[in-house]
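In full-length UniProt numbering, the protein residues as written are 1 to 98.
Even glycine gets a Cβ: it sits at the ideal position worked out from N, Cα and C.
Note that the structure is a prediction, hence the values are computed from the model and not measured.
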Ligand SMILES: [Zn+2]
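Structure below.
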């Protein structure tokens with residue numbers, strides 16, 4: 001999914017959802033240099049969180065400002081995002097190897 005700010009593409013988010021396990025995996029989110037500092041990353045994560053209600057979310061912390069960023073997200077989502085570097089469930093692991 002590509003992130004936009006007005007007409008500009010300012011970043012992208014790479015995520016996967018498993019409807020079998022009702023879980024989501026946010027693999028990577030990146031925002032381009034000039035567009036940083038506008039809360040685009042935060043808004044994107046919160047939008048995903050709301051779009052798929054009831055899912056358990058996992059994420060890698062491959063993010064420029066991973067520390068404070070995920071602290072902020074945790075506060076807004078009741079700690080819904082858990083760090084996991086191997087994918088959220090068996091289905092995703094299988095997909096990734098294939
Ligand atoms: Zn699954």
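Tell me which residue opens and which closes the alpha helix (DSSP H) that residue i is part of.
i, result
"residue 44", "40 to 51"
Just confirm the distance between the C-beta atoms of residue i and residue j, as a whole number of angstroms; I'd bet it's less than 8 Å.
i, j, result
"residue 21", "residue 58", "Their Cβ separation, rounded to whole angstroms, is 10 Å, which puts residue 21 and residue 58 out of contact at 8 Å."
"residue 60", "residue 28", "7 Å"
Taking C-beta to C-beta, are residue i and residue j nearer than 7 Å?
i, j, result
"residue 1", "residue 13", "yes"
"residue 8", "residue 44", "no"
"residue 92", "residue 19", "no"
"residue 46", "residue 76", "yes"
"residue 88", "residue 25", "yes"
What residue does the beta strand (DSSP E) around residue i start on, and which one ends it?
i, result
"residue 24", "23 to 31"
"residue 18", "8 to 18"
"residue 56", "56 to 59"
I'd like to know if the stretch 29 to 37 and the stretch 79 to 94 are in contact, where contact means that at least 3 CB-CB pairs between them fall below 8 Å. Verdict: no, contact absent.
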